[in-house]
Structures are given as structure tokens and as C-alpha cells.
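Let me begin by presenting the structure, written as C-alpha cells, before commenting on it.
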């Protein structure tokens, strides 16, 4: 049973029929400080507190989830391989204008590994794996 909250209820807001076009109001740190003193910020913070309180006492993940399938296990294995490559191919410490050039090495490894190694991780992948 969720705990009883001591937070005040959210206020109901009446919106005008014709609303103004949204515009950017927060452009600097000083604007953030001004926003923190508004009623809108207080309402937003109250909403976040109430949202946080609404899940107190619930376990994550629920104990009654179905067993993870082999397909999910294979996809997770593939993601782990790709993540390991990120660790094995560190970013290059050179000036770059359009992203780190180490990504090219990562992409080359993906191309070379693609159909054979990826097929082991994801069944029926031939139709979906991109060929560069």
C-alpha cells in the first residue's frame, strides 16, 4: 500500500482558450534563478515530489516478470560486444572537427565482423544487418 503523503495537492490550472505561442524565457543562469522563484517552478517541483512518492514501496523490477528469452540474451550479448569495442578502441587525442576519428576504426570492425559474428548473436539477421 502506498504511503500517505503529506504534500499539498496539485492545483488545477485553467488554460485560456487561445494560448500564446511558447517562447524561450530561460537563456542564462540568472534566468534559472528567477524561474526558481515562480509559482510554475513550485508547481513543477511539487509534481516531481508527488511522482517520486507515488512509487515508494514498489520493487523494481516486479518479481512476476516472465523469464528472459534467448533472443533477448543474444541481443544483450551483441550489445556487450559492441560496448567492449568502445573500450578497446579509445578516442583519438587529436583535434577533430566532425567527431572523433576513432569511430571509423569502430565502424570498420563492425563491417568486418558483420555477417558472420553478428549472425551468432541475432538469429534471422541477414535481412537487417547493414552492409557498407
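Numbering (full-length UniProt numbering), first residue to last: 1 to 132. In this text, a Cβ means the ideal position worked out from N, Cα and C, and glycines have one as well. All values reported here derive from a predicted model rather than from experimental measurement.
* Can you list, in chain order, the residues of its chain whose CB lies under 8 Å from that of residue 15, leaving out five sequence neighbours each side? -> So no residue of the chain qualifies.
* Less than 9 Å separating the beta-carbons of residue 77 and residue 91? -> The answer is no: Cβ separation not under 9 Å.
* To do: Entirely within the region 15 to 68 and at least 4 residues each: give me those alpha helix (DSSP H) ranges in chain order.
  => Taking only runs of at least 4 residues, the alpha helix (DSSP H) segments lying wholly in the region 15 to 68 are 29 to 35 and 39 to 53.
* Return the chain-ordered list of same chain residues with a C-beta closer than 8 Å to the C-beta of residue 60, the five sequence neighbours on each side being excluded. => If the five residues before and after residue 60 are omitted, its C-beta is found closer than 8 Å to no C-beta atom of its own chain.
* **CB contact flag (residue 81, residue 105, <9 Å)** => Not closer than 9 Å, so no.
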